[in-house]
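One structure is given below, encoded as structure tokens.
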Amino acid sequence: MNAPTPQQGRLAHAPVVLRGGRWWLDGGAGSVPASDPAFTAVLDDFALSMAAADQAVANLLIQQDEASCVDPGGRR
């Protein structure tokens, strides 16, 4: 099984962007590729954790919505 990879795009609330499988530091003056392997590994881990948290919240909202559609008597 392959390890999950972060999705392309901006990391929420951070000045970094994943483009073409490479992290870029994005600032007002332009973008610079992030080349430190330890730093990019931390960015990968953080991006995967954020994606997992987003998915967990989405699942909870779905469960909450499903539970609110059914009354205690089992009628809709």
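For the sequence shown, the working numbering assigns the number 173 to the initial residue and increments by one for each residue that follows.
C-beta atoms are modelled at their ideal positions from N, C-alpha and C, and glycine is treated no differently.
>> Could you compute how far the alpha carbon of residue 226 sits from the alpha carbon of residue 187?
In response: Rounded to the nearest angstrom, the two C-alpha atoms are 19 Å apart.
> In the DSSP assignment, what are the bridge partners of residue 202?
Replying inline: 199
>> Here's the rule I'm using: 16 or more other beta-carbon atoms within 10 Å means buried, otherwise exposed. How should residue 232 be labelled?
In response: exposed
> Where does residue 183 sit, in a helix, a strand or coil, going by DSSP?
Replying inline: coil
> What are the boundary residues of the alpha helix (DSSP H) that includes residue 221?
Replying inline: 209-240
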